[in-house]
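Structure first, then comments.
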Amino acid sequence: MTLTGRLGSSSRPVRIAIIGAGPSGFYAAGALLQQKDAHVSIDLFDRLPTPYGLVRYGVAPDHQKIKSVTRIYERTMKDRRVRYFGNVDLGADITHAELKAHYDQIVYAVGAQSDKRLGIPGEDLEGSFSATEFVAWYNGHPDFRHFSFDLSVESVAVIGVGNVAMDVTRILAKSVSELETTDITDYALEALRDSSVKRIHIFARRGPVQAKFTNPEIKELGELEIADVIVNPADLVLDDASQAEMEGDRTARRNLETLQELAERGPTGKPKQIIFHFLRSPTEISGAAGAVNAMTTEKNALKETSSGYIACRGIGAYTEYDVGLVFRSIGYRGIPIPGVPFHESWGVIPNEKGRVTDEHGGAVVPGEYTVGWAKRGPTGVIGTNKPDAVETVKLMMEDVKNADGHGGAGDIVPLLQRKGVPYVSFADWQILEQIENERGALRGQPRVKITDVDEMLRLIQSAKAEPVLP
Ligand code: NAP
7 MTLTGRLGSS
17 SRPVRIAIIG
27 AGPSGFYAAG
37 ALLQQKDAHV
47 SIDLFDRLPT
57 PYGLVRYGVA
67 PDHQKIKSVT
77 RIYERTMKDR
87 RVRYFGNVDL
97 GADITHAELK
107 AHYDQIVYAV
117 GAQSDKRLGI
127 PGEDLEGSFS
137 ATEFVAWYNG
147 HPDFRHFSFD
157 LSVESVAVIG
167 VGNVAMDVTR
177 ILAKSVSELE
187 TTDITDYALE
197 ALRDSSVKRI
207 HIFARRGPVQ
217 AKFTNPEIKE
227 LGELEIADVI
237 VNPADLVLDD
247 ASQAEMEGDR
257 TARRNLETLQ
267 ELAERGPTGK
277 PKQIIFHFLR
287 SPTEISGAAG
297 AVNAMTTEKN
307 ALKETSSGYI
317 ACRGIGAYTE
327 YDVGLVFRSI
337 GYRGIPIPGV
347 PFHESWGVIP
357 NEKGRVTDEH
367 GGAVVPGEYT
377 VGWAKRGPTG
387 VIGTNKPDAV
397 ETVKLMMEDV
407 KNADGHGGAG
417 DIVPLLQRKG
427 VPYVSFADWQ
437 ILEQIENERG
447 ALRGQPRVKI
457 TDVDEMLRLI
467 QSAKAEPVLP
């Protein structure tokens with residue numbers, strides 16, 4: 007059916023596709039629904055049957071309070087102007103050209119699905135992983151459920167001091183009793199039950215003031231049941247530039263206070279140790295028989311650049327640490343979507359405040375927008391995506407005024423059906439969610455995650471086939 011009338015009128019709503027049903031996609035949908043000047047109709051797509059992106063597959067299983075943000079997203083889905091299409095992969099199930107034909111505006115909310123690399127020898131040895139892989143594994147992401155991590159080793163290295171590094175460290179350092187009431191996957195809990203990991207070495211290339219973790223996360227490490235935190239007091243002595251930086255940064259001040267408390271406390275005899283190493287960059291991961299057995303680091307010194315950034319540089323003093331696993335936790339990075347511009351070195355979709363451009367600083371691509379990590383890179387907490395989405399939506403509404411709309415090919419459903427794409431609606435997802443919640447309730451867990459896409463689809467089908475009792 008081809009709709010007629012002014013774009014944004016009740017007879018011809020702006021047809022919008024949002025690609026990616028994580029926080030940034032939902033905040034974009036929420037902001038669009040609040041627009042008074044234009045009628046909108048929104049289709050929210052996700053590659054996986056399950057919505058919520060990093061809330062489900064990134065946020066740590068022991069941070070359930072953060073996950074409760076999905077209640078807001080559920081409210082968005084109650085609005086009849088929004089539909090959910092899970093299990094639809096842009097590029098594989100549906101092409102960019104097909105999307106363009108069916109929608110007036112497209113919003114890429116695809117996040118940053120890959121990770122940065124260190125670029126050092128040995129990075130690809132067995133036992134060297136990205137934090138992204140470990141996080142996605144313990145959180146039950148269908149693409150990572152078959153990974154295995156050899157937790158029979160005693161020492162592990164975590165590289166980077168952001169919140170993801172804190173999550174990875176905490177999961178490795180927690181007792182089974184601390185984890186079994188979370189929604190960590192069964193297979194991860196079993197692997198961690200048998201874990202021999204005793205020492206988790208965390209390497210920061212710069213000093214404690216430059217650490218990216220937030221204060222609750224570092225405090226939490228100091229409160230673990232079976233792990234001590236070891237901080238060398240000498241690492242907390244600041245150079246003048248760091249001292250000045252800290253004075254203007256409340257989080258850095260609090261972090262330093264917490265690190266000082268941890269340094270004073272020292273080891274208390276708990277079976278596991280989390281050992282911080284500041285001013286150390288990994289230079290080589292080495293192995294025997296193809297698997298990691300050590301990592302070499304170089305000592306760094308800090309130097310303020312002309313822009314005020316406090317950079318680090320190696321000073322030629324090397325130390326080798328015996329470690330059997332390495333997790334690089336140095337940041338996520340986006341991956342390109344066929345047909346959509348991509349800034350290779352930044353790993354984002356080039357854009358101007360959310361309007362996609364054909365290259366950095368280039369011409370605007372009409373009708374295409376981006377939000378979240380795909381737009382600004384992998385920084386900020388979940389809530390950061392809300393003002394970010396509002397910024398993009400404001401431009402989308404400005405553009406509607408000058409556009410005729412090209413998404414005249416009508417509803418996407420006939421196309422998906424013709425192509426045999428087994429898409430999942432929001433009601434279908436709620437069937438799955440109920441199964442997960444019921445399984446969890448029996449075991450005192452928030453949910454028991456289903457991690458296999460075929461099983462998800464089977465469960466939805468069989469629940470829908472059951473006769474409804476009067
Ligand atoms: P991040 O906060 O950017 O931290 C990355 C860390 O890696 C930094 O310490 C960085 O050091 C280091 N690094 C980068 N390149 C390196 C290299 N070549 N060698 C050594 N170290 C290197 O990233 P993230 O931890 O992945 O977190 C991503 C975002 O998600 C952040 O905004 C984070 O706050 C958020 N998040 C929040 C929570 C939560 O709220 N609980 C949980 C998880 C994630 P430099 O500073 O020197 O670059």
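Counting from 7, one number per residue, gives the positions in the sequence shown under this note's numbering. Glycine residues also receive a C-beta, built at the ideal position from the N, C-alpha and C atoms.
**Neighbourhood of Ala34 by C-beta, 7 Å cutoff - its chain only, sequence neighbours within 5 removed** = Ile24, Val113, Ala115, Val377, Ala395, Thr398, Val399
**Request:** Look up Ile78 in the DSSP assignment and say whether it is helix, strand or coil.
**Result:** helix
**Asked** Under the rule that 16 or more other beta-carbon atoms within 10 Å means buried, what is Lys455, buried or exposed?
**Response** buried
**Message:** Considering Cα atoms alone, identify which of Ala179, Glu270, Ala210 is closest to Ala307.
**Reply:** Of Ala179, Glu270, Ala210, the residue nearest in Cα terms is Ala210.
**Item:** Span of the beta strand (DSSP E), counted from its first residue to its last, around Gln279
**Value:** Segment 278-283, the beta strand (DSSP E) holding Gln279.
**Request:** Can you give me the Cβ contacts of Thr274 inside the same chain, cut-off strictly under 8 Å, excluding the 5 residues immediately before and after it?
**Result:** Asp234
**Asked** What residue range is occupied by the uninterrupted beta strand (DSSP E) comprising Asn145?
**Response** Per DSSP, Asn145 belongs to no beta strand (DSSP E) and is neither H nor E.
**Prompt:** Hey, how far is the Cα of Gly97 from the Cα of Ala258?
**Reply:** 42 Å
**Residue span of the alpha helix (DSSP H) that contains Ile232, given as start and end** = Neither: Ile232 is in no alpha helix (DSSP H) and is coded neither H nor E.
**Asked** Looking at C-beta atoms only, is the number of pairs between the region 138-155 and the region 362-369 that lie closer than 8 Å three or more?
**Response** no
**Prompt:** Looking at the unbroken alpha helix (DSSP H) that takes in Arg449, where does it start and where does it end?
**Reply:** Secondary structure note for Arg449: its alpha helix (DSSP H) is the uninterrupted segment 432-449.
**Given Ala323 as reference, the closest of Ile291, Glu304, Thr311 once Cα atoms are compared** = Glu304
**Asked** With a CB to CB cut of under 6 Å and the five nearest residues on each side skipped, what residues in its chain are close to Leu39?
**Response** Asp85
**Request:** Determine the DSSP secondary structure at Arg480, reduced to helix, strand or coil.
**Result:** No answer is possible for residue 480: it lies beyond the span of the chain, which begins at 7 and ends at 476.
**Request:** State the start and end residues of the unbroken beta strand (DSSP E) segment that holds Gln111.
**Result:** For Gln111, the enclosing beta strand (DSSP E) begins and ends at 111-114.
**Message:** I'd like to confirm the pairing. Which residues does DSSP put opposite Ala300 in its beta bridges?
**Reply:** Ser292, Asp328
**Identity of the residues DSSP links to Asp49 by a beta bridge** = Ala23, Arg89
**Message:** Starting from Gly59, trace the alpha helix (DSSP H) in both directions and tell me its first and last residue.
**Reply:** 59-63
**Prompt:** Should Asn443 be listed as close to ligand 1, given that the test is whether its C-beta is under 7 Å from any heavy atom?
**Reply:** No.
**Asked** Using the beta-carbon count (16 or more within 10 Å), is Leu124 buried or exposed?
**Response** buried
**Asked** Buried or exposed: which applies to Asp189, given that a residue is buried once 16 or more other Cβ atoms fall within 10 Å of its Cβ?
**Response** When all chains shown are included, Asp189 counts as buried.
**Message:** Taking only three categories from DSSP, how would you classify Gln40?
**Reply:** Secondary structure of Gln40 (DSSP, three-state): coil.
**Prompt:** How far does the beta strand (DSSP E) with Ala163 in it reach, from first residue to last?
**Reply:** 161-165
**Message:** Taking only three categories from DSSP, how would you classify Asn261?
**Reply:** helix
**Request:** Specify the secondary structure class of Ile336 as computed by DSSP and reduced to three states.
**Result:** coil
**Request:** For the beta strand (DSSP E) containing Ile418, list its first residue and its last residue.
**Result:** No beta strand (DSSP E) holds Ile418; DSSP gives it neither H nor E.
**Item:** Ala307 (DSSP reduced to helix, strand or coil)
**Value:** strand
**Request:** Verify the contact flag: Ser335, CB atom, against every heavy atom of ligand 1, threshold strictly below 7 Å.
**Result:** Yes, ligand 1 has a heavy atom inside 7 Å of this Cβ.
**Prompt:** With respect to 7 Å, is the separation between the Cβ of Tyr338 and the closest non-hydrogen atom of ligand 1 below this value?
**Reply:** yes
**Prompt:** Should Ala217 be labelled buried (16 or more other beta-carbon atoms within 10 Å of its own) or exposed?
**Reply:** The residue in question, Ala217, is buried, as its Cβ has 16 or more Cβ neighbours within 10 Å.
**Item:** Cβ neighbours of Asp405 in the same chain (closer than 8 Å, five flanking residues each side left out)
**Value:** Gln111, Arg361, Pro372, Gly373
**Request:** Determine the closest residue to Gly133 out of Asn238, Val332, Arg449, Val419, with distance taken between C-alpha atoms.
**Result:** Val332
**Message:** Which of the three DSSP states is assigned to Glu132 in this structure?
**Reply:** In the three-state reduction of the DSSP assignment, Glu132 falls in the strand class.
**Asked** Thinking just about the alpha-carbon of each residue, which of Val162, Val46, Phe219, Lys73 is nearest to the one in Gly59?
**Response** Lys73
**Message:** Measuring CB atoms only, is the region 417-437 touching the region 47-56, in the sense that at least three cross pairs come out at less than 8 Å?
**Reply:** By the Cβ criterion, the region 417-437 is in contact with the region 47-56, since at least three pairs of Cβ atoms, one from each stretch, lie closer than 8 Å.
**Validate contact between the region 263-282 and the region 292-300 using beta carbons, cut 8 Å, 3 pairs** = Contact annotation: the region 263-282 does not touch the region 292-300, with fewer than three C-beta pairs closer than 8 Å.
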